[in-house]
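Enquirer: First the structure, which I've put down as structure tokens, then a few questions once you've had a look.
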Amino acid sequence: YLYINPDLTVHLLRPPVGEWVGMRTGSYYGPVGSGLAESALFDEHGRVGRSCQSLFVDAR
């Protein structure tokens, strides 16, 4: 399969604190090869923001 990531958007509530950023993610695909991936972003103090990415999947 061919995977193309057309875009990525990140929204931050505040700058992350510390060296690590955790993500709780999910990917969702439609019947024609389009989809999206989204993540909740966390640091050691709690929620930092979110990201969302458009996806395109096709046979090679």
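In the numbering used here, the protein residues as written are 276 to 335.
A virtual CB, placed ideally from N, CA and C, is assigned to each residue, including glycine.
Just so you know, these numbers come straight off a predicted model, no measurement behind them.
1. Could you compute how far the alpha carbon of Leu283 sits from the alpha carbon of Leu311?
2. Smallest Cα separation from Tyr303: which of Ala334, Arg335 and Leu330?
3. Among Arg325, Val332 and Asp333, which one has its Cα closest to the Cα of Met298?
4. Tell me whether Gly293 sits in a helix, a strand or coil according to DSSP, three-state version.
5. Can you list, in chain order, the residues of its chain whose CB lies under 7 Å from that of Val323, leaving out five sequence neighbours each side?
Expert: Here's the rundown:
1. Here residue 283 corresponds to residue number 8 of the sequence shown, with the count starting at 1. Here residue 311 corresponds to residue number 36 of the sequence shown, with the count starting at 1. One C-alpha to the other measures close to 10 Å.
2. Along the sequence shown, one-based indexing puts residue 303 at 28. By alpha-carbon distance to Tyr303, the top candidate from Ala334, Arg335 and Leu330 is Leu330.
3. To locate residue 298, count along the sequence shown from 1; it is residue 23. Relative to the Cα of Met298, the nearest Cα in the group Arg325, Val332 and Asp333 belongs to Arg325.
4. Taking the first residue of the sequence shown as position 1, residue 293 is located at position 18. The answer is coil: DSSP assigns Gly293 none of H, G, I, E or B.
5. Translated into positions along the sequence shown, residue 323 becomes position 48. Result list for Val323: Leu287, Leu288, Arg289, Pro291, Val296, Leu316 and Phe317, in chain order.
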